[in-house]
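Everything on this sheet refers to the single structure shown next.
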Amino acid sequence: MAPVLCYHRIGGALELGVTRVGRSVFERQMRALAIAGWRTLPLRGFAQRIDTVGARHAVPPRHADPPQEFLLTFDDGYASLAEHAYPVLADLGFTATTFLITDYIGQANTWDVRYTWRRLRHLDWPAIERWTERGFDFASHGAAHRRLTWLDDAAAADELARSREALVGRLGAVAGHAIAYPFGAVDKRVERLAAAAGYGLGFGGVRGDSGSPLHLPRVPVYMWDVGATPLGLRTDALGAAGRFVAHVANRCAVGTSIMRGVGYRVSGAGG
Ligand SMILES: [Zn+2]
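Residue 16 is where the sequence shown starts when you use our numbering, and the numbers rise one by one after that.
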């Protein structure tokens with residue numbers, strides 16, 4: 016059973032958005048998971064489990080045995096990941112999959128004007144290649160972070176294809192296998208266009224669409240709990256409640272004030 020966690024930014028400058036997690040909080044979360052016996056899956060390993068068992072496999076389980084493997088993902092590909100997140104993960108023997116906005120690789124986040132009050136840089140190709148060599152995975156988060164469900168067929172297909180071509184051209188075929196839809200926005204039409212563009216896996220919001228590998232659910236980490244295990248990896252009623260809250264709050268995207276309260280509670284938990 017392999018749930019999928021999603022983060023946006025780790026560390027770096029403070030901003031008005033709620034998608035940033037402090038480095039110390041992130042480090043504590045990852046260390047707690049490692050000590051509890053959790054391991055991260057490479058994207059290829061996760062994809063193999065989907066192929067053999069089906070997309071239902073990615074849904075957080077509801078039985079008593081806690082899962083011990085998860086896919087750790089980052090959206091947007093900010094440069095601060097290489098400084099604050101990847102080294103923490105490498106120390107623990109963890110890996111992660113980062114979904115890149117391919118038009119903005121090595122550029123500032125001018126696509127994100129609403130959520131930050133200062134310009135932030137994205138990872139550049141040399142950093143991406145360096146971390147690929149160390150076993151980290153990279154995949155698509157669209158070409159320009161446009162909401163695909165709002166685009167007509169031609170524009171959505173262009174976003175999907177342009178991003179995939181950039182990734183495959185630079186990193187090889189494996190980087191063209193997965194996409195995390197910007198804003199988690201996906202419907203049957205977008206699923207179809209993603210498949211036509213050559214993607215095999217698509218990550219959406221908290222709910223997902225059980226049975227479709229192109230609409231897999233993820234759990235954002237801004238709804239972290241006081242316990243050592245993030246809500247998305249919990250099997251009890253609180254985990255289910257957390258997933259519901261996240262769905263209402265904005266599906267793995269941005270735009271609530273939950274983060275500050277959660278950060279406070281995590282700090283107060285002392286562990
Ligand atoms: Zn995004």
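For every residue, glycine included, the Cβ atom is placed at its ideal position computed from N, Cα and C.
Ligand 1 heavy atom lying under 7 Å from the CB of glycine 167: According to the sequence shown, residue 167 is aspartate rather than glycine. No, the beta carbon of aspartate 167 sits no closer than 7 Å to any heavy atom of ligand 1.
Expected contact under 8 Å - CB spacing of leucine 229 and alanine 209 to nearest Å: 5 Å
8 Å Cβ cutoff met for leucine 182 and glutamate 174: no
Helix, strand or coil at isoleucine 50 [DSSP, three-state]: helix
Between the CA atoms of aspartate 118 and tryptophan 126 - distance to the nearest angstrom: 10 Å
Quiz: which residues have CB nearer than 5 Å to ligand 1 non-hydrogen atoms: Asp90, Asp91
Glutamate 144 burial status per 10 Å Cβ neighbour count (16 or more: buried): exposed
Identified DSSP bridge partners for glycine 84: Before going further, note that residue 84 is glutamate rather than glycine in the sequence given. Answer is Arg54.
Buried or exposed by the 16-neighbour rule on C-beta atoms within 10 Å, applied to serine 39: exposed
Alanine 79 versus glutamate 206 - alpha carbon distance: Annotation note: pLDDT 44 at alanine 79 (below 50); position unreliable, no value reported.
Contact set for aspartate 139: own chain, Cβ-Cβ below 8 Å, skip 5 residues either direction: Ala94, Ile120, Gly121
Own chain, CB closer than 7 Å to leucine 96, minus 5 neighbours either side, in chain order: Ile25, Phe89, Thr113, Leu138
Contact under 8 Å by Cβ, phenylalanine 109 with leucine 86: no
Isoleucine 194: first and last residue of the uninterrupted beta strand (DSSP E) it sits in: 193-195
Cβ neighbour criterion (16 or more within 10 Å) applied to arginine 134: exposed
Helix, strand or coil at arginine 64 according to DSSP, with G and I counted as helix: helix
Selected residue, minimal CA-CA separation from glycine 191, among Ala212, Ala200, Asp202: Ala212
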